[in-house]
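Q: Chains as they are written, first to last, in this note's numbering: chain A, 1 to 903; chain B, 1001 to 1334.
#1: Is the beta carbon of residue 204 of chain A less than 8 Å from the beta carbon of residue 308 of chain A?
#2: Let me check understanding here. Comparing Cα to Cα, which of A:409, A:367, A:164 and A:377 lies closest to residue 288 of chain A?
#3: Where residue 515 of chain A and residue 444 of chain A are concerned, what is the direct C-alpha to C-alpha distance, given to the nearest angstrom?
#4: Along chain B, which residues have their Cβ under 8 Å away from the Cβ of residue 713 of chain A?
#5: Of all the beta strand (DSSP E) runs that stay within the bounds of the segment 354-428 of chain A, which reach a length of 3 or more residues?
#6: Taking residue 653 of chain A as part of the beta strand (DSSP E), name the residues at either end of that continuous run.
#7: For the alpha helix (DSSP H) containing residue 1069 of chain B, list its first residue and its last residue.
#8: Report the three-state DSSP secondary structure of residue 28 of chain A (helix, strand or coil).
#9: Which partner residues of residue 705 of chain A appear in the DSSP bridge assignment?
#10: Across which residues does DSSP place residue 265 of chain A in a beta bridge pair?
#11: Using the beta-carbon of each residue, which ones in chain B are nearer than 8 Å to residue 857 of chain A?
#12: Taking the alpha-carbon positions, what's the residue 304 of chain A to residue 160 of chain A distance?
#13: Going by Cα to Cα distance, which pick from A:471, A:424 and A:324 is closest to residue 527 of chain A?
#14: Suppose the cutoff is 6 Å on Cβ atoms and the five residues either side in sequence are ignored; what does the same chain contact list for residue 379 of chain A look like?
#15: At a CB-CB cut-off below 8 Å, which residues of chain A make contact with residue 1235 of chain B?
#16: Between the segment 342-351 of chain A and the segment 567-578 of chain A, are three or more C-beta pairs nearer than 8 Å?
#17: Checking contacts by CB at 8 Å: is residue 1188 of chain B closer than that to chain A?
#18: Quick check: the Cα distance between residue 1007 of chain B and residue 1217 of chain B, rounded to an integer number of angstroms?
#19: Would a check of beta-carbon distances place residue 1170 of chain B closer than 8 Å to chain A?
#20: For a cutoff of 8 Å on Cβ pairs, would you count residue 820 of chain A as touching chain B?
#21: Going along the chain, which residues of the segment 1299-1313 of chain B sit with their C-beta nearer than 9 Å to a C-beta in chain A?
#22: Note down the Cα distance separating residue 47 of chain A from residue 61 of chain A, rounded to an integer number of angstroms.
#23: When the cut-off is 8 Å and only beta carbons count, does residue 791 of chain A lie next to chain B?
#24: Is DSSP giving residue 558 of chain A helix, strand or coil here?
#25: Note down, one range per segment and in chain order, each beta strand (DSSP E) of at least 3 residues found wholly within the segment 506-554 of chain A.
#26: With distances taken Cα to Cα, identify the nearest neighbour of residue 785 of chain A among A:807, A:779 and A:769.
#27: Assign residue 1128 of chain B to buried or exposed, taking buried as 16 or more other Cβ atoms, counted over all protein chains shown, within 10 Å of its Cβ.
#28: Give a yes or no on whether 8 Å exceeds the smallest Cβ distance from residue 329 of chain A to chain B.
#29: May I ask you to list, following chain order, the residues of the segment 1228-1253 of chain B that have a beta carbon less than 9 Å from some beta carbon of chain A?
#30: Give the straight-line distance between the Cα atoms of residue 670 of chain A and residue 523 of chain A, rounded to the nearest whole angstrom.
#31: Using the C-alpha atoms, what's the distance from residue 294 of chain A back to residue 637 of chain A?
#32: Look at residue 466 of chain A and residue 483 of chain A and say whether their C-beta atoms are less than 8 Å apart.
#33: Count the other C-beta atoms from every protein chain shown that fall within 10 angstroms of the C-beta of residue 1239 of chain B, then say buried if there are 16 or more, exposed otherwise.
#34: Would you give the residue range spanned by the beta strand (DSSP E) that residue 1157 of chain B belongs to?
#35: Using a Cβ-Cβ cutoff of 8 Å, what residues of the segment 1105-1135 of chain B are near chain E? List them in chain order.
#36: Just to confirm the assignment, what range does the alpha helix (DSSP H) spanning residue 1235 of chain B have?
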């Protein structure tokens, strides 16, 4: 094998300062002197902080990269006081070509000898030594973890990026690696040619900036310099008998020990990696169960290059390092744990002997599918046992892709009883969004109807598949190997009724209960984790504000409430429509669903839950209702319009269809479904104002605002209650989410650092902007991300939009900003009534009218007319202002014609 | 204060000189023709005559330099003689005379290399890459002036963007004239956002620059000036036309075609000039520079300018259009 000395990288590599490079000689286990190239941030720390480093960030690259991978980390880490030490492993990068074979065991040993030589980790932290955090990517994750396991005295934390320390049993090697590990092919692919190098660069999800790919390839220009690359690939223990298998096992065990001792850890992951796929993340999470996780949606193996440094890997890692000291103290509990509440299944348990109807699913031309309380309670217990028998454990995730009805109601409660975490991904996310959501949530089991399971198989969603509902013929065969829900249930029943059966242990309030997904109108959908405690608080809030409990009844034309009803002990009917298509609900169908739970005037008057889209159709078809239906609709005592903002006009029209109902609409978000509520009477009395009135906070809910600075950031102190000025709406409520799923940095950002007036934690930033009026009622003025930062201060969009929409001939309007933050110009994009005004720049008359009506402190710079404004996928009602702003910016630069919207 | 104003026969020059007179300054003007500014003393002369410039500077406390060769085409040497060498001679004269303040009126085009400008500040003047001979020579002149900033001689450069107002023959006059005969075309769909500066506000900004030239955060720097109300090209042209009693322009040509046409026209005019044709001395109807100016966004971040010069525009654009309309009503012959 070829030998060559270490060298310094050539000057001019993008993002790399030659001053960071050092050549360091140390003696290896054979007593031979070896020289490595490394990046050292020690001087950068002194320059940035004027002090000695507070810690060392020991970085190990993988194969076939080199320390260049960590360049964007050096300065931000230095500014936080952390000294980056990023070596090129021997035979890699610009380090020495030793002419020897260095297997995993030797590489871990090399790193230990190098750090000894550098005086890193030679003194335990307890004896005043400088703490060390390791960070590793790819096979560098294995080497760094191996080092970490042997230097526990100095170890303060472990950071891992797309790596693996264990080949899960039965898992085949990722297909992309096969050509690189197959004997014969291997040498050609990794050493003789640079195919492996290029394949790795090719995993970048966004084009590398000019010169960056060349910089990665710089130390591997000819075959002799790539010997290390080939040797590294050959050292992947693909079989148990591989010479490096024992070393890998030691690393894996060491990492598990690190996790068991709760050493802080952070897994930073690019989910689009063809090599280090989801199952490896799963394995690492099992080893580091208390660790933090940050997924970067849309990134892959080279995630370091896939997101910009500040928002991406470097920024996240440094923010995590900065919190290391602080997180040593236990995280402050949120308000959810402050009150003890009944378990989620208590109402169901109380009615377990009741033969009254619990859930009725209405059907077209067929009798309703009905489940009594006794049947429901039995199914829940059977399913919980059946899931447990099939290997689902407390904390495991179960994705439910089942439409509302008896099956869903039973399954949801069964999972909660077992302690499994329900993944609620809805079709409103679109197929792509749904796939991303389910994949990142990583369920152990997917339970779905035929259509959902076909998608699960085709799109490669993780998890075992369980079929709910019918399937036959070719479609059944296309499903492949699936379990049947009925079998699961039967198994559970057998187990439950067997002699000596011990009931399943009950999960605790702090256990995770469900993962819900945001609509993803700003970036990829985020998973929101609710615990049993936050779900209990939600149930109690719904019971209290709607007066719903045992004996009560509701009609769930909005899916989530079909799940909630059994927890409330309330009888529920689901109308004969596809709930995923809310605009198919007719007034007559709604009347039949009402009659199912309230057949006559003596029955308890029911509550109707519906989305605005469903209500629009109900209003449109009100004329087709027969007298009996009309009588049924008149029994409804309360209408809750939920799921999307509803206009006062639509609420009033719905009130005409449901003449005795109070028409109410709650304000909330996936993170906290009930924050405030208002009703038609209050809306009409309040009239127009700056924003949309969403009402008074629910009991036990506190709402504050945080004023915006000139750049539109919510930096103001929290101001609670009446007259809180315009700013980001910040909420403290026991039903607020526990955290975002595997999004450590997003979660950190979502919680206010500065606690509220009374010093308590647990304030959730909603991302909405608004103010509170003199009566303490909340007015929403738009999204924080859509605030226009003019030179006269931040401008919120909803007020000027409403005033524009009040103009004759204007159907809808979006007010957006163009230009740099702090000096943006307001621009109005309108849809004209009946498309009477052609798309393009607005004619002078309309332009002047809109400018005057909008009344922004910096006058509207331009008014553009479009045929249709873009809306969100899930509700088709929220205008996608981000998209509008990007388009308006291009048009007003003169780069795109105003007639072409392209959405 | 005794102030020399060069180029006082132009729109901005005369407005500035009048504003200085109005507040009680002693104003000397310097240009080839009579300035027509009541209360100011005219010294007539050419920017390429250093001796005349020296005479004009005698005894002044401050200089406001507006005179320049402004056009869209023509040989660069002519621009250089007036814009660069004229500035050099004026700076020398001002320092000799012991003036303490000097305001160089420049142009945002000195830092513009052709891409759209969206909410930008004042970049450094770039004589190499600026577009066209006017912008290149103005860039060189601005660098000369700012380099002369020294203790006792405070220099500020201001760059007003597209100055217009009643009686303006350069922009409003041409738009109205062409719109009346249906020859005004809108490039693209006229949606590029453009900053403009209403005349009175531009003059007030120049006076503010004079007053704050000695401030620590002002001297030695360049500031873009505008009314900070960017509007689409389509709106500006339409409202100018309407103010002049002409119909709203409706003819449109695509941006790329306009740019190509501009290049072609420039070539033809160059030929005409070389052949000594009288038309060659006149302005071509469209240049590639103009096409670019009207087809891409040009608007600026005015926060730093307003903070440092302690000045803010007072006239809403629609009020400006009303004043233009009133002017046309009083001048039915125009």
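C-beta atoms are modelled at their ideal positions from N, C-alpha and C, and glycine is treated no differently. All of these numbers come straight from a predicted model, not from anything done at the bench.
A: So, to answer that:
#1: Counted from its first residue, the first chain places residue 204 of chain A at position 204. Counted from its first residue, the first chain places residue 308 of chain A at position 308. Not in contact: residue 204 of chain A and residue 308 of chain A (Cβ atoms no closer than 8 Å).
#2: Stepping through the first chain from its first residue, residue 288 of chain A is reached at position 288. With distances taken between Cα atoms, residue 288 of chain A lies closest to A:164.
#3: For this step, residue 515 of chain A is matched to residue 515 along the first chain. For this step, residue 444 of chain A is matched to residue 444 along the first chain. The straight-line gap from Cα to Cα measures roughly 14 Å.
#4: Stepping through the first chain from its first residue, residue 713 of chain A is reached at position 713. Chain B residues near residue 713 of chain A: none, gap ~17 Å exceeds 8 Å.
#5: 357-363, 366-372, 397-401 and 421-424
#6: Within the first chain, residue 653 of chain A is the residue found at index 653, counting from 1. Counting along the chain, residue 653 of chain A falls outside any beta strand (DSSP E), though it belongs to the alpha helix (DSSP H) covering 648-657.
#7: The residue you call residue 1069 of chain B lines up with position 69 of the second chain. That residue, residue 1069 of chain B, is in no alpha helix (DSSP H); it is neither H nor E in DSSP.
#8: The sequence position of residue 28 of chain A within the first chain is 28, counting from 1. Here residue 28 of chain A sits in coil by DSSP.
#9: Position 705 of the first chain, counted from the first residue, corresponds to residue 705 of chain A. Answer is A:719 and A:729, bridged to residue 705 of chain A.
#10: Within the first chain, the letter at position 265 stands for residue 265 of chain A. DSSP lists A:158 as partners of residue 265 of chain A.
#11: For the purposes of this step, residue 857 of chain A is taken as the residue at position 857 of the first chain. None at all; the shortest Cβ gap to chain B is about 12 Å.
#12: Reading the first chain from its first residue, position 304 is the one you call residue 304 of chain A. Reading the first chain from its first residue, position 160 is the one you call residue 160 of chain A. So the two alpha carbons sit approximately 12 Å from each other.
#13: Indexing the first chain from 1 puts residue 527 of chain A at position 527. For the residues A:471, A:424 and A:324, the minimum Cα distance to residue 527 of chain A belongs to A:424.
#14: If you number the first chain from 1, residue 379 of chain A lands on position 379. So the list reads 410, once near-sequence residues are dropped.
#15: Counted from its first residue, the second chain places residue 1235 of chain B at position 235. Chain A residues near residue 1235 of chain B: 841, 844, 847 and 862.
#16: yes
#17: As a position in the second chain, residue 1188 of chain B is number 188, starting the count at 1. Closer than 8 Å: yes.
#18: Here residue 1007 of chain B corresponds to residue number 7 of the second chain, with the count starting at 1. Here residue 1217 of chain B corresponds to residue number 217 of the second chain, with the count starting at 1. Computed Cα separation, rounded: 27 Å.
#19: On the second chain, residue 1170 of chain B is found 170 positions in, with the first residue counted as 1. For residue 1170 of chain B, the answer is no, since every Cβ of chain A falls outside 8 Å of its Cβ.
#20: To locate residue 820 of chain A, count along the first chain from 1; it is residue 820. Taking Cβ atoms only, chain B reaches closer than 8 Å to residue 820 of chain A, which makes this a yes.
#21: 1299, 1300, 1301, 1302, 1303 and 1306
#22: One-based indexing of the first chain puts residue 47 of chain A at position 47. One-based indexing of the first chain puts residue 61 of chain A at position 61. Distance between the alpha carbons of residue 47 of chain A and residue 61 of chain A is about 26 Å.
#23: Indexing the first chain from 1 puts residue 791 of chain A at position 791. Yes - at least one Cβ of chain B is within 8 Å of the one on residue 791 of chain A.
#24: By one-based count along the first chain, residue 558 of chain A stands at place 558. Three-state DSSP puts residue 558 of chain A in coil, outside helix and strand.
#25: 512-517 and 527-531
#26: Looking up residue 785 of chain A in the first chain gives position 785. Out of A:807, A:779 and A:769, A:769 has the C-alpha closest to the C-alpha of residue 785 of chain A.
#27: Taking the second chain and counting its residues from 1, one reaches residue 1128 of chain B at position 128. Residue 1128 of chain B comes out exposed.
#28: For the purposes of this step, residue 329 of chain A is taken as residue 329 along the first chain, with counting starting at 1. With a pLDDT of 44 at residue 329 of chain A, under the threshold of 50, the modelled position of this residue cannot be trusted; read the value that follows with caution. Output row for residue 329 of chain A: interface = no.
#29: 1228, 1229, 1230, 1231, 1232, 1233, 1234, 1235, 1238, 1239, 1242 and 1248
#30: In the first chain, the residue the question calls residue 670 of chain A occupies position 670. In the first chain, the residue the question calls residue 523 of chain A occupies position 523. Spanning the two alpha carbons is a distance of roughly 15 Å.
#31: Here residue 637 of chain A refers to the residue found at position 637 of the first chain. Here residue 294 of chain A refers to the residue found at position 294 of the first chain. Computed Cα separation, rounded: 46 Å.
#32: What you label residue 466 of chain A is simply residue 466 of the first chain in a count that begins at 1. What you label residue 483 of chain A is simply residue 483 of the first chain in a count that begins at 1. Their beta carbons are under 8 Å apart, which means residue 466 of chain A touches residue 483 of chain A by this criterion.
#33: Here residue 1239 of chain B refers to the residue found at position 239 when the second chain is read from its first residue. By the 10 Å Cβ count, residue 1239 of chain B comes out buried.
#34: Against the second chain, residue 1157 of chain B aligns to sequence position 157. Taken as a continuous stretch (DSSP letters only), the beta strand (DSSP E) holding residue 1157 of chain B covers 1154-1160.
#35: In the displayed structure, chain E is absent; the protein chains listed are A and B.
#36: On the second chain, position 235 is the one that residue 1235 of chain B refers to. Residues 1233-1243.
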